[in-house]
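**Student:** The following block contains the structure, expressed as C-alpha cells.
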Amino acid sequence: MAETSAQHQIKPSKSVVMIGLMGAGKSRIGRELAALLGVPFVDADTEIVEAAGCSIPYIFEHYGEQAFRDVELRVINRLLDGPPHIIATGGGAFLNENVRTRILNHATSIWLRAELDILVERTGRRGGRPLLEKGDPREILDELMKERYPVYAMADIIVDSLDVTIADTVNDTAKALAEFLEGQQDSQ
Ligand code: S3P
22 MAETSAQHQI
32 KPSKSVVMIG
42 LMGAGKSRIG
52 RELAALLGVP
62 FVDADTEIVE
72 AAGCSIPYIF
82 EHYGEQAFRD
92 VELRVINRLL
102 DGPPHIIATG
112 GGAFLNENVR
122 TRILNHATSI
132 WLRAELDILV
142 ERTGRRGGRP
152 LLEKGDPREI
162 LDELMKERYP
172 VYAMADIIVD
182 SLDVTIADTV
192 NDTAKALAEF
202 LEGQQDSQ
C-alpha cells in the first residue's frame, strides 16, 4: 500500500468515528486504519454486547430496539469521554440526535458511503443484524439509505467504500483524514 508522508504524521487529538450503513465496512476499515495510525480501535457494538451481557439480536428480541438505542447512547458517550480512539459505530448510532451532536462536537466523523449492491452482498455474509431480518434485506437497506444518507452526509469526511481491496479503502480513508486534519490546523 502506498502511504503518503502526511498519513504517517496523522496524530488525531480527538477520536475518529466511523459511521455508515450495515455492511459499509466501518469495523474492518476502522480496525485497519487504527493499526496504520498506531491509535487504539474500539467497536461500539462489541462494547454494547459486553455492557449488556447478551448479543444484539437478544437485546432487540427481549428488550426492543429502544433499549438497544439507550445502551448505545451510553456506550458511545463513554467512549467519546475517553482518550482518542478509532471508534466503529453501529449503523443507527449517528441517527440519534444526542449521539450525533456529541460526535460532531467531540470527534472527527467519517462516513463510509457504499452503494446498495455492495451493502446487500456484504451484509449477506454475516447475520446477527435484527433490522435485516424483518423482510427482504435489499428493500430494507434501500429504505435505510433513503432515510439515513442525508443524515450521514453531516459527517466531517465522506469516503466511498467501493468494491476494491480493504487496503485501498484504508488508504483513501487515511488520506482523507490527513487532508481534513491539515485543513483544520491551517484554519486555526
Ligand atoms: C444497526 C446496525 C448494527 C447494530 C444493530 C443496529 C442499525 O451495526 O448496531 O444491529 O441500526 O443500522 P452494524 O452497522 O455494524 O452492522
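Residue numbering for the sequence shown follows the numbering used here, starting at 22 and increasing by one per position. Beta carbons: idealized from backbone N, C-alpha and C, even for Gly.
Which two residues bound the contiguous beta strand (DSSP E) that contains Arg134?
**Tutor:** Within the sequence shown, residue 134 is the residue found at index 113, counting from 1. Per DSSP, Arg134 is one residue of the beta strand (DSSP E) stretching across 128-134.
**Student:** Quick check on the DSSP output: the alpha helix (DSSP H) that includes Met39 runs from which residue to which?
**Tutor:** Working through the sequence shown from its first residue, we reach residue 39 at position 18. Taken as a continuous stretch (DSSP letters only), Met39 belongs to no alpha helix (DSSP H), being part of the beta strand (DSSP E) at 36-40.
**Student:** Check Asp163 in the structure and name its three-state DSSP category.
**Tutor:** Here residue 163 refers to the residue found at position 142 when the sequence shown is read from its first residue. Residue state, collapsed to three classes: helix.
**Student:** According to DSSP, simplified to helix, strand and coil, what is Val60?
**Tutor:** As a position in the sequence shown, residue 60 is number 39, starting the count at 1. Note: Val60 maps to coil in three-state DSSP.
**Student:** Please go through the same chain and pick out, in chain order, the residues whose beta-carbon is closer than 7 Å to the beta-carbon of Asp193, but skip the five residues on each side of it.
**Tutor:** As a working note, residue 193 is residue 172 in the sequence shown. These residues qualify, in order along the chain: Val180.
**Student:** What separation, rounded to the nearest whole angstrom, lies between the Cα atoms of Pro151 and Pro78?
**Tutor:** Taking the first residue of the sequence shown as position 1, residue 151 is located at position 130. Taking the first residue of the sequence shown as position 1, residue 78 is located at position 57. So the two alpha carbons sit approximately 6 Å from each other.
**Student:** Given the structure, does Asp66 come close to the ligand S3P, in the sense that its CB is under 7 Å from one of the ligand's heavy atoms?
**Tutor:** Here residue 66 refers to the residue found at position 45 of the sequence shown. Asp66: yes, Cβ under 7 Å from the ligand S3P.
**Student:** Closer than 7 Å: is that where the CB of Met43 sits relative to any heavy atom of the ligand S3P?
**Tutor:** Residue mapping note: residue 43 aligns to position 22 of the sequence shown, counting from 1. Correct: Met43 has its Cβ closer than 7 Å to the ligand S3P.
**Student:** Since Asp66 is in the alpha helix (DSSP H), which residue starts that stretch and which ends it?
**Tutor:** Within the sequence shown, numbered from 1, the residue matching residue 66 stands at position 45. Per DSSP, Asp66 belongs to the alpha helix (DSSP H) from 65-73.
**Student:** If distances are taken between C-alpha atoms only, which option among Ala88, Leu165, Gly41 comes closest to Thr110?
**Tutor:** Looking up residue 110 in the sequence shown gives position 89. When each option's Cα is compared against that of Thr110, the closest is Gly41.
**Student:** Please report how far the alpha carbon of Ser208 lies from the alpha carbon of Phe201, in whole angstroms.
**Tutor:** Counting from 1 along the sequence shown, the entry for residue 208 is found at position 187. Counting from 1 along the sequence shown, the entry for residue 201 is found at position 180. Whole-angstrom Cα-Cα distance: 11 Å.
**Student:** Are the beta-carbon atoms of Ser130 and Ala199 separated by less than 8 Å?
**Tutor:** Working through the sequence shown from its first residue, we reach residue 130 at position 109. Working through the sequence shown from its first residue, we reach residue 199 at position 178. In this structure, Ala199 does not lie closer than 8 Å to Ser130 by Cβ.
**Student:** Quick one: grab the DSSP three-state call for Ile179.
**Tutor:** Taking the sequence shown and counting its residues from 1, one reaches residue 179 at position 158. In the structure shown, Ile179 sits in a strand (DSSP, three-state: E or B).
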